[in-house]
Every structure is written in structure tokens, then in C-alpha cells.
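Working notes, beginning with the structure itself.
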Amino acid sequence: MDDRYRFAEIEEKWRQRWESGDPYSIPDFSDNPKFYCLEMFPYPSGKLHMGHVRNYAIGDVVARFKRMRGYDVLHPMGWDAFGLPAENAAIKHGIPPAKWTWDNISEMRRQLKQMAVSYDWQREIATCHPGYYRWTQWFFLEFYKRDLAYKKKAPVNWCPACATVLANEQVVHGRCERCGTDVERRELSQWFLKITDYAERLLRDLQKLQGWPDKVRIMQENWIGRSEGAEIAFDVVGFDEKITVFTTRPDTLFGVTYMVLAPEHPLVDKLTAPERRAEVEEFVRRARNLSELDRTSGEAEKQGIPIGASCVNPLTGEAVPIWTANYVLLEYGTGCVMGVPAHDQRDFEFARKYDLPIRVVIQPEGAAINVRDMTAAYDGNGVLVNSGPFNGLPNKQAIPEITRHLEKMGLGKRTINYRLRDWLISRQRYWGCPIPIVYCKGCGTVPVPEEQLPVILPSDVAFKPSGQSPLVDAEDFVNTSCPACGGPARRETDTMDTFIDSSWYYFRYVSPRDEERPFNIDAVGRWCPVDQYIGGVEHAILHLLYSRFFTKVLFDMNLVNFEEPFANLLTQGMVLKDGAKMSKSKGNVVSPEDIIAQYGADTVRLFILFAAPPERDLEWSDQGVEGCYRFLQRVWRLVNSLGDEIRTAPAQPAGYLVGVNRGLRRLTHYTIKKVTEDIDERFNFNTAISAIMEMVNGLYQYRDRVPAVDRDPAVLREAVEHLLLLLAPFAPFIVEELWERCGCQGSVHRQPWPQYDPEMLVEDSVTMVVQINGKVRDRVLVPADISLSELEALILSQPRIQALLEGKRILKIIPVPGKLINIVVK
RNA sequence: GCCGAAGUGGCGGAACUGGCAGACGCACCGGACUCAAAAUCCGGCGGGCCCUAAACCCGUGUGGGUUCGACUCCCACCUUCGGCACCA
Numbered sequence: 005m006d007d008r009y010r011f012a013e014i015e016e017k018w019r020q021r022w023e024s025g026d027p028y029s030i031p032d033f034s035d036n037p038k039f040y041c042l043e044m045f046p047y048p049s050g051k052l053h054m055g056h057v058r059n060y061a062i063g064d065v066v067a068r069f070k071r072m073r074g075y076d077v078l079h080p081m082g083w084d085a086f087g088l089p090a091e092n093a094a095i096k097h098g099i100p101p102a103k104w105t106w107d108n109i110s111e112m113r114r115q116l117k118q119m120a121v122s123y124d125w126q127r128e129i130a131t132c133h134p135g136y137y138r139w140t141q142w143f144f145l146e147f148y149k150r151d152l153a154y155k156k157k158a159p160v161n162w163c164p165a166c167a168t169v170l171a172n173e174q175v176v177h178g179r180c181e182r183c184g185t186d187v188e189r190r191e192l193s194q195w196f197l198k199i200t201d202y203a204e205r206l207l208r209d210l211q212k213l214q215g216w217p218d219k220v221r222i223m224q225e226n227w228i229g230r231s232e233g234a235e236i237a238f239d240v241v242g243f244d245e246k247i248t249v250f251t252t253r254p255d256t257l258f259g260v261t262y263m264v265l266a267p268e269h270p271l272v273d274k275l276t277a278p279e280r281r282a283e284v285e286e287f288v289r290r291a292r293n294l295s296e297l298d299r300t301s302g303e304a305e306k307q308g309i310p311i312g313a314s315c316v317n318p319l320t321g322e323a324v325p326i327w328t329a330n331y332v333l334l335e336y337g338t339g340c341v342m343g344v345p346a347h348d349q350r351d352f353e354f355a356r357k358y359d360l361p362i363r364v365v366i367q368p369e370g371a372a373i374n375v376r377d378m379t380a381a382y383d384g385n386g387v388l389v390n391s392g393p394f395n396g397l398p399n400k401q402a403i404p405e406i407t408r409h410l411e412k413m414g415l416g417k418r419t420i421n422y423r424l425r426d427w428l429i430s431r432q433r434y435w436g437c438p439i440p441i442v443y444c445k446g447c448g449t450v451p452v453p454e455e456q457l458p459v460i461l462p463s464d465v466a467f468k469p470s471g472q473s474p475l476v477d478a479e480d481f482v483n484t485s486c487p488a489c490g491g492p493a494r495r496e497t498d499t500m501d502t503f504i505d506s507s508w509y510y511f512r513y514v515s516p517r518d519e520e521r522p523f524n525i526d527a528v529g530r531w532c533p534v535d536q537y538i539g540g541v542e543h544a545i546l547h548l549l550y551s552r553f554f555t556k557v558l559f560d561m562n563l564v565n566f567e568e569p570f571a572n573l574l575t576q577g578m579v580l581k582d583g584a585k586m587s588k589s590k591g592n593v594v595s596p597e598d599i600i601a602q603y604g605a606d607t608v609r610l611f612i613l614f615a616a617p618p619e620r621d622l623e624w625s626d627q628g629v630e631g632c633y634r635f636l637q638r639v640w641r642l643v644n645s646l647g648d649e650i651r652t653a654p655a656q657p658a659g660y661l662v663g664v665n666r667g668l669r670r671l672t673h674y675t676i677k678k679v680t681e682d683i684d685e686r687f688n689f690n691t692a693i694s695a696i697m698e699m700v701n702g703l704y705q706y707r708d709r710v711p712a713v714d715r716d717p718a719v720l721r722e723a724v725e726h727l728l729l730l731l732a733p734f735a736p737f738i739v740e741e742l743w744e745r746c747g748c749q750g751s752v753h754r755q756p757w758p759q760y761d762p763e764m765l766v767e768d769s770v771t772m773v774v775q776i777n778g779k780v781r782d783r784v785l786v787p788a789d790i791s792l793s794e795l796e797a798l799i800l801s802q803p804r805i806q807a808l809l810e811g812k813r814i815l816k817i818i819p820v821p822g823k824l825i826n827i828v829v830k
């Protein structure tokens, strides 16, 4: 019989059988326990890359494992299908974005099926389909109704290469997250979602997310950036105006020696003295034109200029000069800062540069700070000085005291500020979800009525990157009638940030074809929240924060009864080659397609799960792939060679076993335990696979070294069948084929996950390690049930140990049952 | 600068609750099979000492500490990677 492992034939055979049966389609409701296993859906960029393969291989093991454990597993797949690459392809090659996108989807779907990822394909969705984006628009209108969507004119981040604005979250180190171009600032009227209203809840509920990596929680915490402090009002001299500052250090209020406004602050223009006007305007103009990169980089020099006005410290009554400076940001706090050079490093540098006074108001315990000798601000704790009635108070205590005092006088209040800014969602691009808003001369901004949704994205559009949405020129689209008065009106031509599309897709899977509402509430109640979410850590802030925000809004709308969408999160590491992330520009890309053609999908899956634990980065190794391929061949040969022997064997080993047969049963049950725990508790697929390899090695020994007369076919049968069951989630094709060849009934993927018998793990005797003063000196085989005193006597009677103890005094003997015994001597 | 993670053979990694460091795999070395090669099978594989072996010594980034016992816990430091970064 030809017994070569012909992976291509085997995989094609089972692919076809599975394709015809729709084996992973899951009913909406049943009495089984549920498990929602979700991997982050991909952008349909063309072909799967190794990062996708890793993501979906991990998810598939979890899904298959849970299914075998008796869960109804919801395991869906879809496409994050709106986005810039499609539009860029249209500009470059003249292919319509829709065609480009749908072609890519077909190709990537084919590849996922080739990999045998066990999705319920009935539930496939694509965010660019009107049946989907209609509900994205519906959500926008709901947000609008609740004042959570608003339009405002503001300085925004503009990427000149992508010719669109970007959300704050999409600007990385002052550069565009997508293309790396330096981001510019522009003053534009744009749509925002009020995520800041949810800042506190988004922060607070991070504590609930015990199933998330700490790293991601901390990143979100930093991004939200909560800080407690006070707002304090300073009267402007000679104007009926107040300047309100935000500070986390009201205890340093007596140390204020100047005031700074952000260059864009409206009061700058108002308060500037006539003789200073020309100079100040020039300064402001220059500051505004700085790119975000130059503006925010730490090395940028602090620059400022006095505007010729002053304001009064509410506690001292002293007047201090008002400046404007590039290091103060309009968007944070109140857009102005009180200058306390003695106790804030930035203020210190600024004061030194412009020769502003420095006044110490906090002295550290047991040391005296002297302004002349200061080389840096003192931002530690201490006792207040030069602070009138508050002198002598520890500064920690002074913070609430001074705040309370200001509140009483109506000059300030306790407040909290967040670094998080509202989410800018307008994009001046074509291939996205249209914003369902109409502008009417008479009625103003009018939301498109729900029954007119979806606002269909027109297909006859000329693509030219212009800085304006291409939709501006689509006359049939733009010109419409006002839903309120029926008069002529114009549609909003910007489209939505694609992160909105992906902020709710996981709910759509529960009822993907529902035409009445975004999702079936009962079905969401059954399946959500997602039990296990798996994806790259690059989404730690963007997608995961936005999705949490959306879920909280839906909770407030009574559409869901939970506040967090993803109960458990696994962030997988990157796939590297030669120590670097695979990328076309580095030329170190390994194509999944080529590897599958060469070794088969089972080998690729196995390697990518075996080479590293999922959270860590994975170094691609052609030789490692080769090793996994060899292992599958080894399994193939082993099972085929034993097929005849086990087909006729009894299903269950009977009676009490000894020697090699008991040993093999112990190996079988030990491996079940190990693999089960590695998958279920720790996602350590690499060690689970190691354990399976060890089991295969043990089976080879049994086959080749135990004489036929001593072998128990029932034990062998149990071992082989369990080997296949344990390997099934990792290498679904080869296992299904071998399962059939062994004469087993039904699909291996429909079998219950095996249980181990704790009885089988019990050993008659154990090897005890004998240490003297913590160093291993001997090993002794002892009966497992030996008593402590017997053990001690036995160990001390060992000739080797006796020799080593010669002339020494035993201080202590520390036994670790079943493992080790340590003799402490002097 | 702040926050976080990680440093273990030639390589990827294992050691789960403080108890035999290096499982499993790769690479490499030797042997069997073969006319030969590939494949496969068997054996070896941290370093030192040694003709060989036994024995012994060293060894988980560095230096200290706790403990009968430390890759694991504590303190200080070094390196690499990731996040945030003029956030008042």
C-alpha cells in the first residue's frame, strides 16, 4: 500500500467534503452552553499575510477545542471593507474601489477556506455592503439624537498624502498612522463623536476587564489620561475678563509669577496691548503653522512672548504678566497655564530663558531650596512657605485646603481633566460610509430620516485626490431635497472614519441579515459579550477603545445589557523574519500561499502555533516548518502502520495493567491532561504540541521495542484514537483522514474532547532527587506510598549518601513529597 | 523623561504554586540502512576538568539579599523592545 503523506490530495478531499456540508453553521438559539470566539476581521487588502494566518490559526484552535468540549461556538468572519487602499488602487489603476474590494474578499475567503478555519460562513459580513452600512448610518443618527455626534470648527490633523483629516488616535509621533507623512494642522468644520463624555466610564470599567492583558489596560489608561486638579480664575487687569487655568497643583498657587495662554486662545487677540499687537500676531501666526510634529516634540524649544496685559493672583492680589507660548495647548484643560517656575520643570526652563521671577513656595523636609542655586524645578513634596495663611502645611494637605478655600470664595473649583479628546470622524474620502446628514438653507443641519437609509454611496464618481471628498462632484448624490421642508438641499459629502464600521461589527454577526434593526436583541443577549477576542496589539487603543465606547452607548440605549464587548482578549505577537516585521520594503515577506503549496495547510498551522507562545513575537524559520512537516509525516506513518492492529481491538482497555501497557496508558492520559490544560487555561499551544510530540515518540517506542506478544491492542487503540483527538484542533485535515482510515465513525471534529482518568496518572514508584545542602547528589527509586520515616531511613542507607555524609552533622532533613529530599549538613 | 514587558545552549523555546535548569523542535556530530544520495532509524549534543570514565566545579543579563533550596521572591543596576510624551 502506498503510504506516503500526500497532503495536497488529502486536504483537497476534505475541503470539498466540508464545503458541501456547511459543518460549522451554528443555530441562533439552543440549550447548549455558548462560546463566542472572535478574531479581528481583516481589511481585504488582497492576500492573507502571515500575521493573518497566525491570528486565525490561534482562533481556530480555540473554536475547535470549545466545540469539542460541547459548546455551541459562534465563530464568524467578515471584512473591514471600507478604506483608503481601495481608493488608492482606483486612482492608480482605474479599478473601481468596490470591484477591487470584492475581488480581494473572494480571494481571501478562498485562502481562509484553504486553511480550514472553521467559520460559520453563513454569517459573513462586509462593512461596505449597504445592508451593513445602513446600520452604521443608523447608529450615527442615534448618536446625533443623543448629542453624541456634533459638528464643530476646530484645528484638526490633516494628512497631506492621504488628503484627509485624521483622528487624534491616528496620529503617531506627529505622523500619519497609515502613511507616515508629517501631519499638518488645519482649521476645518468637522463631525465629532463625544467620546469624552464616556471618559470616566471607559477608565473605570478597565478594572472589570480581568481577562485582558495588563499592557492593554495600561495603554488605555494612559491614553484616557485622567488628572485631578482645580480650575482657578484670575481677573484680568483693566478688562472685565477672567482667565481660568487648570492645575493639578493648587498648592503652588502662591508661587505663580506669570500666566500663559495658548497661541490660538481667543483671549490673546482680545487682551493684547496695542503696542504689542504686531509682534504678538506674528508670533501666533508662526506657532499655528508649525506642524503637530514640531509643536509637540519634546526637543522643541519653548518660545513665548508677553502680550502686554496682566492678571491678578486670586490669593495674593498680586498682578502677574500674561504671555502666550508654544508649549501651551488649546485643547487641553482651559488652554492656559499658570506659571510656577520653582515647582514645574517646563515653567522653570521658560522662566530662566525669559528671565521671569522664580518663587519657592514648597520646601522639602530637612533641606532648604535657594532660588539662586536651583538647576531644576523642585516637584517633590514638602511644606508650604511664602504662602500666607497656608504656611507650614504639608503640600499634600494644602491641595484640598486651598481648593476648598477658593471654592468658598467663588474663585475656583475642584475638577478633573482628561487627555482623551473627542473622536473626529469626518474623512474627505470616497470609499467609506456616507454621513447621513443634509444641509438646507432654511432648516440648517437636518438628519436623514431613518426610513430613507441607507444613503447609498454612488458608484459613478471621479477619483482625484484634491483635499475635498470626491463626492462633492457627484451632482446626483449631493443635490437632494430637505427631509424637513422639501426644498433644495445638499448632502454631507464627507464619509465616516472606518473605525466606526468596526466598532459594532461583532454585534452584527448574531443576526447578519436582519433588515429591521442593526441586530436581534435576543440573539445578542445569547451570544454577547464576546468570550474570546483575538488580534494584534496594534489595536490596543484605536479599535478596542472605540468598540468599548460604542458598547457603552448601546447600553445606554438599552440595546445591550452589558457595558463591555470583549470579556477576554488575547493579543498575539507579530510574525518576524530575520528579526524584523515582515514587509515588502524589507523584502522579508514569506507568503502563506507558497508555504501551503509546499507543505500543506496543516503544517503551516502547526508551525505557527508551535514556534512561540501566542502573545510573543514569532520568528519565522523555514527549517522549523520543515520540522513540523516531518512530525506530521511521523504521525502519518505511525497511525497507518498500526491501523490493522487497532481496527479490530476492543474499544476499552480492560483489567489491571502492568508494565509497558500501563506505561502507555499513563502516557495517553497524561497527554490528555497536559494538552487540555495548555489550551484551556493558558493558550500555550506550543507546549500542547510538544506534549503531543512526546506522545508520538512514546508510541514509536512502544511499537518498535515492545514484543508483539506483550502488546495490548486495546491500549494501543486508545492511545492512537486519543492522539488524533488531541491533534484535531491543530491539524484538521490529516487527522480527519487518519480517523477515517482507522475505521472510526463520523468526523473527528464532531467527537467530544477526551477526558483523562486521574487513576491512570498514579505511579507505583517515583524517582526521588536527593540533595545535600541544596545540591543534587543522588536519585533513588522509591515506592510512591512510602512513609516519611521509611523514606528517610532508605535515603540515609544509600552507600553514596553515607559516603558524602561521612564526618558531617545532619542539621535538618526537608522532604518534598514525591519529588525531592534535601539533607542540610554542617 | 514617565509607564510597561522581556533578557535561559549555536537557534526557537520549556521549567505552571520557590524544589532535578535546558522538555519539545531546529541546527550540528557520530552510527545503521544504501553502490551512492535522499528519506528513515539509533545514539550524542550548556561550559570547564579529564587519555577515557567516574567524580567534581561553573552556569538562566550584572551585583547584592531572603531561603534548607532561587530562572522563579526582594533591592540596585545594565541591555533590548513596546506605549505615552511640553497634558499644566
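Position in the first sequence counted from 1, then plus 4, gives you the working numbering.
Heads up, the beta-carbon is just placed ideally off N, CA and C, and yes, glycines get one too.
Looking at THR502, GLY312, GLU369 and PRO533, the one whose alpha-carbon comes closest to that of PRO89 is THR502. Take the alpha-carbon of PRO756 and the one of GLU722: they are about 14 angstroms apart. Distance from the CA atom of ASP218 to the CA atom of THR328, rounded to whole angstroms, is 40 angstroms. Separation of the CB atoms of MET500 and PHE737 is rounded to 41 angstroms, and the pair is thereby denied contact status at 8 angstroms.
Fewer than three Cβ pairs drawn from the region 54-63 and the region 385-396 lie within less than 8 angstroms of each other, which leaves the two stretches out of contact. Apart from the 5 residues on each side of it in sequence, CYS447 sits with its Cβ closer than 7 angstroms to the Cβ of CYS486, ALA488 and CYS489 in its chain, given in chain order. Closest by C-alpha distance to GLU23, out of TYR40, SER430, LYS117 and ALA601, is LYS117. 7 angstroms or more divides the Cβ of TYR9 from the Cβ of PRO37. Nearest Cα to GLU698 within the set ARG715, ARG670 and ALA402: ARG670. If one requires a minimum length of 3 residues, the beta strand (DSSP E) runs lying completely within the region 289-369 are 308-316, 323-329 and 340-343, in chain order. Within the region 560-601, the complete beta strand (DSSP E) segments of 3 residues or longer fall at 573-576 and 579-581, listed in chain order. Contact between PHE45 and TYR603 does not hold, since their C-beta atoms are separated by about 27 angstroms, which reaches or exceeds 8 angstroms. Counting along the chain, ASN826 sits inside the beta strand (DSSP E) bounded by residues 824-829. From the listed residues PRO569, GLN126, VAL534 and THR607, the smallest Cα separation to ASP209 is found for PRO569.
Pairing LEU580 with ASP239, the inter-Cα distance amounts to about 59 angstroms. Per DSSP, LEU800 is one residue of the alpha helix (DSSP H) stretching across 792-800.
Contact between VAL169 and GLN401 does not hold, since the beta-carbon distance rounds to 46 angstroms and is not under 8 angstroms. Short of 6 angstroms from the beta carbon of ALA85, and not among the five residues preceding or following it, lie these beta carbons of its own chain, in chain order: PRO48, THR105, ALA130, THR131 and CYS132. Under DSSP, the beta-bridge partners assigned to VAL77 are PHE39. Looking at the DSSP output, ILE420 shares a beta bridge with GLU232. Here LEU152 carries a coil assignment [DSSP, helix/strand/coil]. A residue is called buried once 16 or more other Cβ atoms fall within 10 Å of its Cβ, and THR497 is buried on that count. Assigned with DSSP and collapsed to three states, ASP186 falls in strand.
Counting along the chain, the unbroken beta strand (DSSP E) around TYR262 starts and ends at 262-265. Every beta strand (DSSP E) of 3 residues or more that sits fully in the region 434-493 is shown, in chain order, as 441-444, 448-451 and 483-485.
For GLN759, no beta strand (DSSP E) encloses it, and the DSSP letter there is neither H nor E.
Here the region 408-415 does not lie against the region 259-275, with fewer than 3 beta-carbon pairs under 8 angstroms apart. In this structure, the alpha-carbon of TRP139 lies about 27 angstroms from that of ARG114. VAL679 is a Cβ neighbour of LEU730, given a cutoff of 7 angstroms. Residue nearest to GLU454 within the set PRO462, LYS445, ILE441 and VAL465 is ILE441 (criterion: CA-CA distance). Secondary structure within the region 122-172: the beta strand (DSSP E) runs of 3 or more consecutive residues, fully enclosed, are 153-163 and 168-170 (chain order). Exposed is the label assigned to ARG754, since fewer than 16 other Cβ atoms lie within 10 Å of its Cβ. CYS180 is bridged by DSSP to VAL175. Here GLU91 has PRO101, ARG433, TYR434, TRP435 and PHE467 as same chain residues with Cβ atoms under 7 angstroms from its own Cβ, once five neighbours each way along the sequence are excluded. For SER430, the beta-bridge partners assigned by DSSP are MET500. Membership of ARG781 in any alpha helix (DSSP H) is not indicated; the residue belongs instead to the beta strand (DSSP E) covering 779-787.
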